[in-house]
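As structure tokens, the structure follows; a few thoughts come after it.
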Amino acid sequence: MRGESGAVAASPFAPVLAAALADAARRDATGWREALAEFVDGLGGQPSLLALTGALDELLAEPVVVRTHGTRLHDVLLRDLTAAIEQNPLLAAGRLEGAVRLAISDAVAPFGVLDELTDFGPGTPEDFTEPLPRLLGAAMDRWAGEAAITAPLREALDRLRHDDAAAVDAIFELGCDDLRAALTAAEMPAVLAALTEARARFATADAAEQARHDARAHGAACDAVLAFAAQDRPRLAEAADRLTAALDQRSAWLRGTHQPPWLRPRHAAEPAWRRLVLMLRSASERLAETIWMDVWEALGAVLDAYTQVRTLRPLPGEQVAPGLAAVVEPTIENAILRKQSLLAALRRSVVEARCAEHPPLPPRATQLLLERIEAPDTRHRRDLPHTSRTAPDPDEDDEAHHPGSGRAQRIAPALVRLLGQRQAAGLTTELGDDELRLLDGVVHGSEVAQSRTAHPVLDPLLQRLLGELAESPQFIGEVRETFSLLLEQTLRFLLSRADLATRTWGASPADDYRRRLSADEPRPRERQLQQDYQQWLASGQLGGLLAVEAADLAMGRADMVTDFGPLRYTTEIKRELRDASREAIESRYLPQAAEYGNTNAPFGQLLVLDLTPHPHGAPRVDESIWLARHRPPGSEIDRLVVIGVVTGNRSTPHELSARAGLRQ
């Protein structure tokens, strides 16, 4: 292979050899380093954009290649780029894209590629300038908050507004920058001013190019938050309609098209946008009910959607090498926004808990919590994020010595992370330990339920289930939109409960329904799982849509109903003491769970608490969730039920090791 790889790198067979070299690097075959070095050097002579892109995808998918030859590859891609722009601008743009992918993954220093991104003039060929806004936008997302880097990038985008080929994309990326400014602002006037500017840019991009569904979606999100601030119900409903239409059109246009692997995480963002649509529709009907949500919580939903939309996978390998970022999310965060959004969810959850059939908190504790949450020093404090402070806050110097701070940190660490030790201690001084654990569970559940991207288990599982559900002719339109949102939150719940360190709702470690049980202990009831799941949903973005023990459904009583206006989905809760195999669960519980779909959409959920012994460890979470079909005799329509098993009676990893040691 040595002595020939350089010549092959400049030929149409470059992607084939790149795949072979990446495999050799993975296996640490003899001589792969020298052969790969020759290949990388020869890649600078590759005349075909398709061959170059294919070879880069193969190389960048292997972390060992990036770690050992990333700098060399970066230098080759940028070598004589100015001459390449004149001779073959499309190929030059492809080389620059490869260098950008390496830089935003932290595989190389960014300064060389940033110079090339901004070094263009009025006479630069359009084939080269056309993809520049997308690359500049990716760089601005990656280094958001670093003015020394983003200032020249924004100036370059501003220049591209006057380039015929790049103008629309440049305006869109400038709108994204304004939206980033809104999502990182500390005061509401600054938020609204930046949102107004962003909305104007998105509207310009949408008007200039009909197919800019992304601009339409971002503009609708901006309009929605501005409508919240103005308490304008018709405008809020109209923004939800526009966002839905943009998402539907985008899905239709992208179906079946090729998407570069490094941009694919962006296309997993639809659930985040759909969740925002659901919140907008519900809030437009209940705008006067301040318990539902406020402007800060709406901004939190927009931040989640934006972060997912802009996520990249510049190094699309299955495994991540140390020091390399396989997935890069926008580097934007607003501690104030997160805090206010979670406080709104916390307040809503406390009120929902107070209205429950069996309130988990006594009335005195509930009222005390609401008063503390609404207190000026908790609700309206405007702390700057720690990363932007120039000096420590004198009020926080003695937080660790505040009375009660040690107790709050020990029992409610999620609450302390949200509010800080001083405010958390003040909020919880008069609460008992059990009440404090319950409050911490609300905060933790809200945090985990936030949208995140590129999860190695959740994302493939969600996509698989949605693909199976799509085989049903009834899984379309609003049914797909609403049930997908419920399913995503259910999967996040099951994923969190598969980690024993994650607190269940209101439970001390001794009362956790998942812990290993001795032979003479009473078995947990399904009600504990039901209450845990109910409060998980109530503390997230589907709060206010739940009904527990709903009667008169298919002549029965459903454990839990999630109500989306005329659409409703039931979740049946069971426990299993003897046989938790798929066949046994479906045989015993599926007909009942499916029966509730007789008078509405034929989709539902079944959660089973598995209390059978697990001496060798619990099954993986993605092996414990599946889609089951049930068709009663004489019927022509399948009822589809997503089944999720929560493993109880579990041993900790340490207990498994100790037990294995005793056997030996």
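Numbered according to the numbering used here, the sequence shown spans residues 20 to 683. Just so you know, even glycine gets a beta-carbon here, dropped at the ideal spot from N, CA and C.
>> For Thr-263, which residues in the same chain have their Cβ closer than 8 Å to its Cβ, ignoring the five residues on either side in sequence?
In response: Counting only Cβ-Cβ distances below 8 Å, and skipping sequence neighbours, we find Val-296 and Glu-500.
>> At the level of alpha carbons, what is the spacing between Phe-583 and Asn-619?
In response: If you draw a straight line from the Cα of Phe-583 to the Cα of Asn-619, it comes to about 11 Å.
> Between the C-alpha atoms of Gln-624 and Tyr-588, what's the straight-line distance to the nearest angstrom?
Replying inline: Rounded to the nearest angstrom, the gap between the Cα atoms of Gln-624 and Tyr-588 is 8 Å.
>> Quick check on the DSSP output: the alpha helix (DSSP H) that includes His-232 runs from which residue to which?
In response: Counting along the chain, His-232 sits inside the alpha helix (DSSP H) bounded by residues 232–249.
>> Let me check one thing: in DSSP terms, what residues is Trp-645 bridge-paired to?
In response: In DSSP, Trp-645 forms a bridge with Ile-662.
> Taking Cβ to Cβ, would you say His-633 is nearer than 7 Å to Arg-669?
Replying inline: A contact, by the Cβ cut-off of 7 Å.
> Which residue spans inside the stretch 75–116 form an unbroken alpha helix (DSSP H) run of at least 4?
Replying inline: The stretch 75–116 contains these whole alpha helix (DSSP H) runs: 82–97 and 100–106.
> What are the boundary residues of the alpha helix (DSSP H) that Asp-196 is part of?
Replying inline: Residues 186–202.
> How many Å lie between Glu-497 and Ala-28 at the Cα?
Replying inline: Rounded to whole angstroms, the separation of the alpha carbons of Ala-28 and Glu-497 is 50 Å.
> How many whole angstroms separate the CB atoms of Asp-323 and Ala-291, which I take to be in contact at a CB cut-off of 8 Å?
Replying inline: Ala-291 and Asp-323 do touch by the CB rule: their CB atoms are close to 5 Å apart, below 8 Å.
> Where does Phe-139 fall in DSSP's three states?
Replying inline: Phe-139: coil per DSSP, three-state reduction.
> When we look at the beta-carbon of Asp-134 and count the other beta-carbons within 10 Å, is it buried (16 or more) or exposed?
Replying inline: Exposed, since its Cβ has fewer than 16 Cβ neighbours within 10 Å.
> Could you give the distance in angstroms between the alpha-carbon of Gln-482 and the alpha-carbon of Leu-646?
Replying inline: For Gln-482 and Leu-646, the distance between alpha carbons rounds to 12 Å.
> Expressed to the nearest angstrom, what Euclidean distance is found between the alpha-carbon atoms of Leu-362 and Ala-189?
Replying inline: Distance between the alpha carbons of Leu-362 and Ala-189: 36 Å.
> From this set, Thr-101, Glu-53, Pro-31 and Thr-350, which residue's C-alpha is nearest Leu-68's C-alpha?
Replying inline: Answer by Cα proximity: Pro-31.
> Taking buried to mean at least 16 other C-beta atoms within 10 Å of its own C-beta, is Gln-456 buried or exposed?
Replying inline: The question names Gln, but residue 456 is Arg in the sequence shown. Flag for Arg-456 reads buried.
>> When you measure from the CB of Gly-140 to every non-hydrogen atom of the ligand GDP, does any distance come out below 6 Å?
In response: Looking at this structure, you won't find the ligand GDP or any other ligand, since it has none at all.
>> Only counting the same chain, and skipping five residues up and downstream in sequence, which positions put a Cβ closer than 7 Å to that of Ala-700?
In response: Because the chain is modelled from 20 through 683, residue 700 falls outside the range shown and cannot be assessed.
> Pick from Gly-156, Ala-170, Asp-160 and Ile-168: whose alpha carbon is nearest that of Ala-185?
Replying inline: If we check each option's Cα against that of Ala-185, Gly-156 comes out closest.
>> So for Arg-12, helix, strand or coil by DSSP?
In response: It is not possible to answer for residue 12, since the shown part of the chain is limited to 20 through 683.
>> With DSSP as the reference, identify every bridge partner of Arg-534, one or two as the case may be.
In response: Bridge partners of Arg-534: Arg-669.
> What's the gap between the Cα of Val-321 and the Cα of Arg-199?
Replying inline: Rounded to the nearest angstrom, the two C-alpha atoms are 10 Å apart.
>> Please classify Phe-3 as buried or exposed, where buried requires at least 16 other C-beta atoms within 10 Å of its C-beta.
In response: Outside the displayed span of the chain (20 to 683) sits residue 3, for which this structure offers no information.
> Among Thr-169, Ile-168 and Asp-182, which residue has its Cα nearest to the Cα of Pro-141?
Replying inline: Here the closest residue by C-alpha is Asp-182.
> From which residue to which residue does the alpha helix (DSSP H) around Asp-598 run?
Replying inline: Run containing Asp-598: none; DSSP gives neither H nor E here.
> Nearest to Asp-531 by CA position, among Gln-550, Asp-539 and Ala-538, is which residue?
Replying inline: If we check each option's Cα against that of Asp-531, Gln-550 comes out closest.
> Counting along the chain, where does the alpha helix (DSSP H) carrying Phe-622 start and finish?
Replying inline: Per DSSP, Phe-622 belongs to no alpha helix (DSSP H); it is in the beta strand (DSSP E), 622–629.
> Buried or exposed: Pro-82, going by 16 or more other Cβ atoms within 10 Å of its Cβ?
Replying inline: Buried, because 16 or more other Cβ atoms sit within 10 Å of the Cβ of Pro-82.
>> On the DSSP letters alone, give me the boundaries of the alpha helix (DSSP H) that Ile-351 sits inside.
In response: Here Ile-351 belongs to no alpha helix (DSSP H), and DSSP marks it neither H nor E.
> Between Ala-427 and the rest of its own chain, which residues show a CB-CB distance below 6 Å, the 5 nearest in sequence each way excluded?
Replying inline: Taking Ala-427 as the centre and dropping the five residues before and after it, the same chain places the C-beta of Val-435, Ala-443, Ala-444 and Thr-447 closer than 6 Å to its C-beta, in chain order.
> Does DSSP classify Val-119 as helix, strand or coil?
Replying inline: Residue state, collapsed to three classes: helix.
>> So, with DSSP's three-state summary, where would you put Ile-592?
In response: The answer is strand: DSSP assigns Ile-592 an E or B state.
> Exposed or buried, which one is Arg-329 when buried takes at least 16 other CB atoms within 10 Å?
Replying inline: That one is buried.
>> So for Thr-710, helix, strand or coil by DSSP?
In response: Since the first residue of the chain shown is 20 and the last is 683, residue 710 is not available in this structure.
> Using the beta-carbon count (16 or more within 10 Å), is Ile-355 buried or exposed?
Replying inline: With 16 or more other CB atoms across the displayed protein chains lying within 10 angstroms of its CB, Ile-355 is buried.
>> Assuming Leu-299 and Ala-236 are in contact, meaning their beta carbons sit under 8 Å apart, how far apart are those beta carbons, in whole angstroms?
In response: Rounded, the Cβ-Cβ distance is 12 Å, inconsistent with contact.
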